[in-house]
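In the numbering used here, the protein residues as written are 1 to 335. Using N, Cα and C, we set each Cβ at its ideal position, and we do this for glycine too.
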Ligand code: ADE
Ligand code: ZN
């Protein structure tokens with residue numbers, strides 16, 4: 001039975017809605033690019049990089065994530081990073097992906113939109129051409145920085161907005177509530193961009209309320225702490241505001257101590273539009289399929305629940321309705 005579920009989830013077309021491209025930087029590419037650019041990293045081997053990936057919380061991960069991103073310097077580096085992720089999508093039947101990138105991580109080092117955007121887009125266009133990969137970009141603001149910095153970033157993106165579907169909000173959650181970014185999200189909305197925000201990963205349910213009510217988001221990234229607030233749960237259910245849950249991330253960053261303790265099935269059984277995602281696959285030990293496999297392994301997941309999670313990935317996406325319907329029919333046909 002468990003093996004049948006695993007085979008099914010590997011074979012079925014899947015969508016991924018919460019993936020940081022900088023978090024897909026594998027140690028091999030990190031070391032290769034460090035070598036290429038003469039960047040000094042505090043690791044002497046690929047094994048040492050992997051050994052460093054033992055996190056106590058979100059901040060301890062973010063420190064290494066920003067350090068790792070420092071090897072990304074020219075257009076081809078961003079191309080290679082994106083193309084490697086998209087090839088992984090192909091190998092695992094991830095047919096559609098909404099990919100976050102953190103511009104401020106790069107602009108702070110003097111690397112501009114004119115470097116990373118052409119790199120990302122070259123890889124995306126190539127994957128679309130070569131095997132029909134579907135992918136959108138989400139530009140995420142770093143919440144530990146000021147709203148003025150986020151507004152400047154939105155300005156710098158002005159010539160690239162055609163290639164960007166949404167804005168997002170990530171980085172250190174505690175102490176940086178969504179309300180801090182009210183103006184920049186309003187401006188993004190006025191520009192026709194969709195909106196998502198990390199909330200309720202380490203932060204309290206109040207931050208999920210802030211993302212929903214003040215930032216007017218279409219999706220909450222993580223949101224697992226919503227379960228602490230029954231009124232919020234009713235709201236998320238009534239609005240069908242989706243949660244992009246990342247199981248391996250949550251256990252790696254100790255939001256839950258063990259996968260057996262993860263609340264994803266409770267959220268799903270309460271009728272919420274819950275999706276499964278990888279977040280930062282290189283740092284958390286697995287891509288999208290691995291996240292599904294971990295759920296199958298550790299939770300009493302039934303076929304209808306698994307199917308619902310996969311369906312939700314398409315339903316909560318920013319794809320046009322007719323494309324969603326096409327993929328949902330394919331999911332339903334694979335029984
Ligand atoms: N940036 C990359 N991954 C993140 C996460 N899980 N939470 C907040 N910011 C992030
Ligand atoms: Zn994330």
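Excluding sequence positions up to five before and after residue 24, its CB lies within less than 6 Å of the CB of 85, 281 and 282, all in the same chain and listed in chain order. Contact annotation: residue 82 and residue 21 have beta-carbon atoms nearer than 8 Å. Taking the Cβ of residue 279 as the reference point, at least one heavy atom of the ligand ZN falls within a distance shorter than 7 Å.
Proximity of the segment 34–44 to the segment 229–238 falls short of the contact definition, fewer than three beta-carbon pairs being nearer than 8 Å. Shown here, residue 48 sits in a helix according to DSSP, grouped into three states. In the three-state reduction of the DSSP assignment, residue 73 falls in the coil class. In this structure, DSSP gives residue 54 a state outside helix and strand, which the three-state scheme calls coil.
Counting of Cβ neighbours within 10 angstroms places residue 183 among the exposed residues, the total staying below 16.
The segment 156–235 contains, as complete alpha helix (DSSP H) runs of 4+ residues, the segments 182–190 and 205–213 (chain order). Annotation: the segment 92–133 contains the following complete segments of the beta strand (DSSP E) (minimum length 3 residues), in chain order: 94–101. With a cut-off of 7 Å, the C-beta of residue 170 is classified as near the ligand ZN, since at least one heavy atom of the ligand falls inside that distance. About 7 Å separates the beta carbons of residue 246 and residue 222, which is inside the 8 Å limit, making them a contact pair. No Cβ-Cβ contact shorter than 8 Å links residue 102 with residue 155.
Short note on residue 159: C-beta not closer than 7 Å to any heavy atom of the ligand ZN. Segment contact: the segment 141–151 against the segment 96–114, three or more CB-CB distances shorter than 8 Å; contact assigned. Between the ligand ADE and residue 65, a heavy atom-to-CB distance of less than 7 Å is present.
Sequence-distant Cβ neighbours of residue 69 in its own chain, meaning closer than 8 Å and more than five residues away, are 22, 25, 102, 105 and 106. With fewer than 16 other beta carbons inside 10 angstroms of its own, residue 56 counts as exposed.
With distances taken between CA atoms, residue 254 lies nearest to 61 out of 61, 33, 17 and 175. About 7 Å separates the beta carbon of residue 164 from that of residue 193, a gap short enough to meet the 8 Å contact definition.
In this structure, DSSP gives residue 89 a helical state, which the three-state scheme calls helix. Nearest neighbour of residue 310 by Cα position, chosen from 321, 299, 51 and 288, turns out to be 288. When DSSP states are grouped into helix, strand and coil, residue 139 belongs to the strand group. Between residue 277 and residue 10, the C-beta gap is not smaller than 8 Å, which leaves the two residues out of contact. Inclusion of residue 249 in the 7 Å shell around the ligand ADE follows from its C-beta lying nearer than that to a non-hydrogen atom of the ligand. Membership of residue 262 in any alpha helix (DSSP H) is not indicated, and neither H nor E is assigned to it by DSSP. Apart from sequence neighbours up to five positions away, the residues of its chain that approach residue 299 with a beta-carbon distance below 6 Å are 265, ordered along the chain. Annotation for residue 163 indicates a beta carbon at 7 Å or more from all heavy atoms of the ligand ADE. Between the ligand ADE and the CB of residue 119, the shortest heavy atom gap is not smaller than 7 Å.
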